[in-house]
Amino acid sequence: MAVTLAELARRFQGKVRGNPEIKIVGVAPLETAGANDIAYIADRKYLPGLQRSAAGAVILTQEDAQNFTGNALIVDNPHFCFAQTAELLHPLTPFTPGQHASAVVAPTARIASSAWIGPHAVIEAEAIIEDGVYVGPGCFVGAHAKLGARTRLIANVTIGERCRLDSDCLCQPGAVIGGDGFGYAKHQEKWHKVPQLGRVILGHAVEVGANTTIDRGALNDTVIGDGVKLDNLIQIAHNVRIGENTAIAACVGIAGSTVIGKRCTVGGQAGIVGHLEIADDVHITAGSLVTSSIDQAGVYSASLKAQPVEKWRRNAARLHQLDELVQRLSDLEKKLK
Amino acid sequence: MAVTLAELARRFQGKVRGNPEIKIVGVAPLETAGANDIAYIADRKYLPGLQRSAAGAVILTQEDAQNFTGNALIVDNPHFCFAQTAELLHPLTPFTPGQHASAVVAPTARIASSAWIGPHAVIEAEAIIEDGVYVGPGCFVGAHAKLGARTRLIANVTIGERCRLDSDCLCQPGAVIGGDGFGYAKHQEKWHKVPQLGRVILGHAVEVGANTTIDRGALNDTVIGDGVKLDNLIQIAHNVRIGENTAIAACVGIAGSTVIGKRCTVGGQAGIVGHLEIADDVHITAGSLVTSSIDQAGVYSASLKAQPVEKWRRNAARLHQLDELVQRLSDLEKKLK
Amino acid sequence: MAVTLAELARRFQGKVRGNPEIKIVGVAPLETAGANDIAYIADRKYLPGLQRSAAGAVILTQEDAQNFTGNALIVDNPHFCFAQTAELLHPLTPFTPGQHASAVVAPTARIASSAWIGPHAVIEAEAIIEDGVYVGPGCFVGAHAKLGARTRLIANVTIGERCRLDSDCLCQPGAVIGGDGFGYAKHQEKWHKVPQLGRVILGHAVEVGANTTIDRGALNDTVIGDGVKLDNLIQIAHNVRIGENTAIAACVGIAGSTVIGKRCTVGGQAGIVGHLEIADDVHITAGSLVTSSIDQAGVYSASLKAQPVEKWRRNAARLHQLDELVQRLSDLEKKLK
Numbered sequence: 009m010a011v012t013l014a015e016l017a018r019r020f021q022g023k024v025r026g027n028p029e030i031k032i033v034g035v036a037p038l039e040t041a042g043a044n045d046i047a048y049i050a051d052r053k054y055l056p057g058l059q060r061s062a063a064g065a066v067i068l069t070q071e072d073a074q075n076f077t078g079n080a081l082i083v084d085n086p087h088f089c090f091a092q093t094a095e096l097l098h099p100l101t102p103f104t105p106g107q108h109a110s111a112v113v114a115p116t117a118r119i120a121s122s123a124w125i126g127p128h129a130v131i132e133a134e135a136i137i138e139d140g141v142y143v144g145p146g147c148f149v150g151a152h153a154k155l156g157a158r159t160r161l162i163a164n165v166t167i168g169e170r171c172r173l174d175s176d177c178l179c180q181p182g183a184v185i186g187g188d189g190f191g192y193a194k195h196q197e198k199w200h201k202v203p204q205l206g207r208v209i210l211g212h213a214v215e216v217g218a219n220t221t222i223d224r225g226a227l228n229d230t231v232i233g234d235g236v237k238l239d240n241l242i243q244i245a246h247n248v249r250i251g252e253n254t255a256i257a258a259c260v261g262i263a264g265s266t267v268i269g270k271r272c273t274v275g276g277q278a279g280i281v282g283h284l285e286i287a288d289d290v291h292i293t294a295g296s297l298v299t300s301s302i303d304q305a306g307v308y309s310a311s312l313k314a315q316p317v318e319k320w321r322r323n324a325a326r327l328h329q330l331d332e333l334v335q336r337l338s339d340l341e342k343k344l345k
Numbered sequence: 009m010a011v012t013l014a015e016l017a018r019r020f021q022g023k024v025r026g027n028p029e030i031k032i033v034g035v036a037p038l039e040t041a042g043a044n045d046i047a048y049i050a051d052r053k054y055l056p057g058l059q060r061s062a063a064g065a066v067i068l069t070q071e072d073a074q075n076f077t078g079n080a081l082i083v084d085n086p087h088f089c090f091a092q093t094a095e096l097l098h099p100l101t102p103f104t105p106g107q108h109a110s111a112v113v114a115p116t117a118r119i120a121s122s123a124w125i126g127p128h129a130v131i132e133a134e135a136i137i138e139d140g141v142y143v144g145p146g147c148f149v150g151a152h153a154k155l156g157a158r159t160r161l162i163a164n165v166t167i168g169e170r171c172r173l174d175s176d177c178l179c180q181p182g183a184v185i186g187g188d189g190f191g192y193a194k195h196q197e198k199w200h201k202v203p204q205l206g207r208v209i210l211g212h213a214v215e216v217g218a219n220t221t222i223d224r225g226a227l228n229d230t231v232i233g234d235g236v237k238l239d240n241l242i243q244i245a246h247n248v249r250i251g252e253n254t255a256i257a258a259c260v261g262i263a264g265s266t267v268i269g270k271r272c273t274v275g276g277q278a279g280i281v282g283h284l285e286i287a288d289d290v291h292i293t294a295g296s297l298v299t300s301s302i303d304q305a306g307v308y309s310a311s312l313k314a315q316p317v318e319k320w321r322r323n324a325a326r327l328h329q330l331d332e333l334v335q336r337l338s339d340l341e342k343k344l345k
Numbered sequence: 009m010a011v012t013l014a015e016l017a018r019r020f021q022g023k024v025r026g027n028p029e030i031k032i033v034g035v036a037p038l039e040t041a042g043a044n045d046i047a048y049i050a051d052r053k054y055l056p057g058l059q060r061s062a063a064g065a066v067i068l069t070q071e072d073a074q075n076f077t078g079n080a081l082i083v084d085n086p087h088f089c090f091a092q093t094a095e096l097l098h099p100l101t102p103f104t105p106g107q108h109a110s111a112v113v114a115p116t117a118r119i120a121s122s123a124w125i126g127p128h129a130v131i132e133a134e135a136i137i138e139d140g141v142y143v144g145p146g147c148f149v150g151a152h153a154k155l156g157a158r159t160r161l162i163a164n165v166t167i168g169e170r171c172r173l174d175s176d177c178l179c180q181p182g183a184v185i186g187g188d189g190f191g192y193a194k195h196q197e198k199w200h201k202v203p204q205l206g207r208v209i210l211g212h213a214v215e216v217g218a219n220t221t222i223d224r225g226a227l228n229d230t231v232i233g234d235g236v237k238l239d240n241l242i243q244i245a246h247n248v249r250i251g252e253n254t255a256i257a258a259c260v261g262i263a264g265s266t267v268i269g270k271r272c273t274v275g276g277q278a279g280i281v282g283h284l285e286i287a288d289d290v291h292i293t294a295g296s297l298v299t300s301s302i303d304q305a306g307v308y309s310a311s312l313k314a315q316p317v318e319k320w321r322r323n324a325a326r327l328h329q330l331d332e333l334v335q336r337l338s339d340l341e342k343k344l345k
């Protein structure tokens, strides 16, 4: 596919500076882009390299374009314009609807004629697969589960029985939606399993990363709001609720029944313990543990940064004496009074 | 299935208060339970809502039932009674024994006639599948592996060759039992793989969460005791041994050759380094790193709680000066003497 | 297979002490080794048990062999010699080349005649599978992907389209190579997906642990150098580059665009935030978070060790007052001047 710079400007509400008739066939990094590629500046630290780029055009803000003499597509939000351009020029590989001969589809499953069920996929009884859904190789969709229109399961994804994904969801390989929650009653030193009877409900346009796991609710459902984006290897426990457009980075764990607000971000490897409420617009830094509810928007942290080990060990040892140190300090203060 | 409150009391050693003849058909949350549902109080903070519930009956302790005028099933351990009631009223979907036409089963595998081998499952040579085992879609059972009676692999589970699961185990989707341990010998800057020749041995009634991984031993086996419960996305390295009825929350990592006692609990995202011994009845809080052996029962922690980032940054910066601060404090103490 | 001690010495540049003609058939742990097994000392703390071992022979350094009267194979690097011996005596189960009848292989895929494509595997269009490759059950190899000679995918592994694995790679079950990177542009409170157009490139002899995920690059590729070893449940984000012979333990997360040097080691559950540069020969301890670039070889840490919870809570509370404590200390210092 080829498109002129003028056409990109028209589609994405931008302005052209330079040659509007240049043909753009792809997006590329600034340093390797050729005469028919469009690039963008991911970080202003790359601005000095802008003039050296052989890119056919660059997506820039008005300000960043000031000292640039090449072709530019000037927009308010270059990152968003770049995403749209990439989507236009590098569309998903289209698929022919139907079912691979090796797929195992229950007779009572309802599969839209525009959907694709890939090789070795398994669709169980009464499942509903809507228009334009893509079920990749090796995926499993349990009984009574539902995949909304245009939802895609890339490969080896597991969707447990009765779970529901709304339209335009995307599950990366190995994602597991609807495993049992971790619920046991203790009786005479043994753990007795509590049947996990709830479901997982994903809203519109939720993305679930590779090998991420979302457990079904114990009685009520686990609910992930519209537009939530989950990176890889995340654990979402039973009965968690996540508000719209929250984004969570890889390796995060969220324990049972915690409720997270809208538009939050959670940094990689952060953890949130169970039964908390996190307000809208809360941002948790990487590696931080949240142990109590947060009722105010803002940034929260408990990240410690690595330092050379000899120095760290001395400081960490002191940390383990901190309470005693405070006593010593208080004693000194008393003496001085 | 419907059962009277009197029948539940008889089965689970409880007492009825109210109408013993009320029919119970399901368990439900307090706030949505209807006239034929039984509910319970997961946390005493919900006691104020008890009287407003439309539940047909509620499972309660004697004490919590005092001010409640509805039908009650009074027991010593409501959580356990609730688990049993849920199991009775919402039993697992029964399966018809046999093998799906698409399953690939080695001729030398020994499959009990009461077991089910699901679509696209693969069972390799000499594997032993005992009575009532359920092997879900896409699961792989390696050569000479053994699944004890009534063990269930939900979907896309991998059981490596020679690994052994005792009776009544349950593996959630994506679990990997018997991947190679992470063992290499360094030689001239390169890592040379050490063949991982041991197995993974799971005791009776072990549960393995979604996408959890348990590595085979290097020479000896990795051994998980009876009744151990592992949540999702846990890593158990080679030659780890875990005692009976220990429960481990999601995202925990346990490094090689560590031995964990009985009845321990490990909070989410905690880590235990290799070659340690952890006594029975040890409890590790979420996010804590255990770097030395623990020989006494008790609760151990190194969890830091997130706070507003401006405040945290000031404190964290001071932490990196802590050793120096102690020097300053010591100097003051000397001067005052 | 049986081999004399003399033959092992010849192959692995060692010296025999004792009977060179003893037949060795396997490797075994010191405490269970029999008369035809060879053992080694994994840690010098086991030296006292050496003389009691019934092992046919033991691999030892000159020094450790001093007080041992049994048969010994004396080498400079016993761990490496043990790895080689184990590999010799316990070789991988050979496979018959070909394709299982249930495998789904695109007509345009190029499969070497010496490769094996296992049951329920799926190989898509134009994929290249070189000599001696093993594709285990349930694995997926996307369009235009390439598996170099002797590379092995154990089971249920996903290789995304266009990704390339060089020769002698090994992917444990559930590994996902080439999921989409976590890239979104924010626009009016919503996350708009940025197409992930890059690939994952694995060098020679890379090992990828069970359920580990490596994301494809956004525009450029994610690149893992020769000889890199990745344990289980690791997240490698888009555009990360890892230098040769670096080894990373389980549950580590590395965020986008970070570049890691050669011969580094990263302890379990450590995290490295995005867009950093880590020099060669850097070692990060378990559980540490790296938040800024490291330009000097060495050991870096921010690991806190768990302690009994009452003691820890007092210290952790003080940590949250640390900035204030420093003020108090400074006040005292001023008064004393």
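Residue numbers (my numbering), protein chains in the order written: chain A, 9 to 345; chain B, 9 to 345; chain C, 9 to 345.
Note that beta-carbon positions come from the ideal geometry of N, C-alpha and C, so glycine has one too.
In chain order, what residues of the region 61 to 87 of chain C put their CB closer than 7 Å to some CB of chain B?
Answer set for the region 61 to 87 of chain C: Asn85, His87.
Considering only residues of the region 296 to 327 of chain B, which uninterrupted beta strand (DSSP E) runs meet the minimum length of 3 residues and lie entirely inside it, listed in chain order?
Segments of the beta strand (DSSP E) lying fully in the region 296 to 327 of chain B: 306 to 309.
For the region 70 to 152 of chain B, list the alpha helix (DSSP H) runs that are entirely contained and at least 4 residues long, ordered along the chain.
86 to 97, all fully within the region 70 to 152 of chain B.
When DSSP builds the beta bridges, which residues end up paired with C:His291?
Answer is C:Thr273, C:Val307.
Consider the Cβ of A:Gly295: report whether some Cβ of chain C lies at a distance smaller than 8 Å.
Interface annotation, A:Gly295: in contact with chain C, CB-CB separation under 8 Å.
Partner residues on chain B for C:Leu337, Cβ-Cβ distance less than 9 Å:
Neighbours of C:Leu337 on chain B, chain order: Leu333, Arg336, Leu337, Leu340.
The alpha helix (DSSP H) with B:Asp331 in it runs from where to where?
Taken as a continuous stretch (DSSP letters only), the alpha helix (DSSP H) holding B:Asp331 covers 330 to 344.
Could you give the DSSP three-state label for A:Ala14: helix, strand or coil?
Secondary structure at A:Ala14: helix, using DSSP grouped into helix, strand and coil.
Relative to the alpha-carbon of C:Gly140, which residue among C:Arg160, C:Ala133, C:Glu134 has its alpha-carbon at the smallest distance?
The candidate whose alpha carbon is nearest that of C:Gly140 is C:Arg160.
If contact means a Cβ-Cβ distance below 7 Å, which residues of the region 235 to 256 of chain A contact chain C?
Taking 7 Å as the Cβ-Cβ cut-off against chain C, the residues of the region 235 to 256 of chain A that qualify are Gly235, Lys237, Asp239, Asn240, Leu241, Asn253, Ala255.
Only counting the same chain, and skipping five residues up and downstream in sequence, which positions put a Cβ closer than 8 Å to that of A:Ala14?
Val24, Pro28, Glu29.
Cβ-Cβ separation, B:Thr221 to B:Gly187 (assumed contact under 8 Å), whole Å
Indeed, because the Cβ distance is near 6 Å, the residues count as touching under 8 Å.
A:Leu284 - DSSP class collapsed to helix/strand/coil
DSSP places A:Leu284 in the coil class of the three-state scheme, outside both helix and strand.
Sort out for me which residues DSSP pairs C:Val216 with in a bridge.
Bridge partners of C:Val216 according to DSSP: C:Cys179, C:Leu238.
Continuous beta strand (DSSP E) assignments of at least 3 residues falling wholly in the region 15 to 57 of chain B
Secondary structure remark: continuous beta strand (DSSP E) runs of at least 3 residues inside the region 15 to 57 of chain B, in chain order: 23 to 25, 45 to 48.
Pull up the distance between the alpha-carbon of A:Ala41 and that of A:Thr93, whole angstroms please.
If I take the Cα positions, the gap works out to 14 Å.
Here's the rule I'm using: 16 or more other beta-carbon atoms within 10 Å means buried, otherwise exposed. How should A:Ile342 be labelled?
For clarity, residue 342 of chain A is Lys in the given sequence; the question names Ile instead. It is exposed - the Cβ of A:Lys342 has fewer than 16 other Cβ atoms within 10 Å.
Would you kindly check if the distance between the Cβ of B:Asn247 and the Cβ of B:Gly269 is under 8 Å?
Not in contact: B:Gly269 and B:Asn247 (Cβ atoms no closer than 8 Å).
Could you check whether the Cβ of B:Phe148 sits closer than 8 Å to any Cβ belonging to chain A?
Taking Cβ atoms only, chain A never reaches closer than 8 Å to B:Phe148, which makes this a no.
Give me the chain B residues within the contact set of C:Pro56, using Cβ-Cβ distance strictly less than 8 Å, ordered along the chain.
Here the premise fails: no neighbours, minimum Cβ distance about 17 Å.
Using a cut-off of 9 Å between C-beta atoms, extract the partners of C:Lys154 located in chain A.
The contacting residues do not exist; C:Lys154 stays about 17 Å from chain A at best.
Where the beta strand (DSSP E) through B:His200 begins and ends
Per DSSP, B:His200 belongs to the beta strand (DSSP E) from 198 to 201.
Report the CB separation of B:Ala314 from A:Ile82 in whole angstroms; it is logged as a contact under 8 Å.
A Cβ-Cβ distance of about 40 Å is found for the pair B:Ala314 and A:Ile82, leaving them out of contact under the 8 Å criterion.
Looking only at its chain, what residues have a beta carbon closer than 7 Å to the beta carbon of C:Ala310, apart from the 5 residues adjacent to it on each side?
Taking C-beta separations shorter than 7 Å and ignoring five residues to either side along the sequence, the partners of C:Ala310 in its chain run Ser296, Leu297, following chain order.
Taking its Cβ as the centre, do 16 or more other Cβ atoms sit within 10 Å of A:Pro316, making it buried, or is it exposed?
Exposed: under 16 other Cβ atoms inside 10 Å.
Under 7 Å (Cβ pairs) to chain A, residues found in the region 265 to 277 of chain C:
So nothing in the stretch comes that close.
Just the C-alpha distance for A:Ala218 and A:Cys147, rounded to the nearest angstrom, thanks.
Our two residues, A:Ala218 and A:Cys147, have alpha carbons roughly 13 Å apart in a direct line.
Between which two residues does the beta strand (DSSP E) carrying B:Gln66 extend?
Note that residue 66 of chain B is Val in the sequence shown, not Gln. If you look at B:Val66, you'll find it in the beta strand (DSSP E) that goes 65 to 68.
Can you tell me which of A:Asp84, A:Arg172, A:Glu132, A:Asn44 puts its alpha carbon nearest to the alpha carbon of A:Leu97?
Distances from the alpha-carbon of A:Leu97 to those of A:Asp84, A:Arg172, A:Glu132, A:Asn44 put A:Asn44 closest.
Quick one: does C:Gln313 have its CB under 8 Å from some CB of chain B?
Position check: residue 313 of chain C holds Lys in this sequence, whereas Gln was assumed. Closer than 8 Å to the CB of C:Lys313 there is at least one CB belonging to chain B.
Hey, A:Ala305 and A:Ala324 are a contact pair by Cβ (cut 8 Å); roughly how many whole angstroms apart?
Actually they do not touch by this definition, with Cβ atoms about 32 Å apart.
Can you tell me which of A:Gly156, A:Gly22, A:Arg170, A:Gly144 puts its alpha carbon nearest to the alpha carbon of A:Glu134?
By alpha-carbon distance to A:Glu134, the top candidate from A:Gly156, A:Gly22, A:Arg170, A:Gly144 is A:Arg170.
Using the rule of at least 16 other Cβ atoms within 10 Å of the residue's Cβ for burial, across every protein chain shown, is B:Asn85 buried or exposed?
Around the Cβ of B:Asn85, a 10 Å sphere holds 16 or more other Cβ atoms; the residue is buried.
If we define contact as Cβ-Cβ less than 8 Å, is B:His328 a contact residue for chain A?
Closer than 8 Å to the CB of B:His328 there is at least one CB belonging to chain A.
Please report the straight-line C-alpha distance between B:Ser301 and B:Gly282, rounded to a whole angstrom.
Looking at the backbone, the Cα of B:Ser301 and that of B:Gly282 are separated by about 10 Å.
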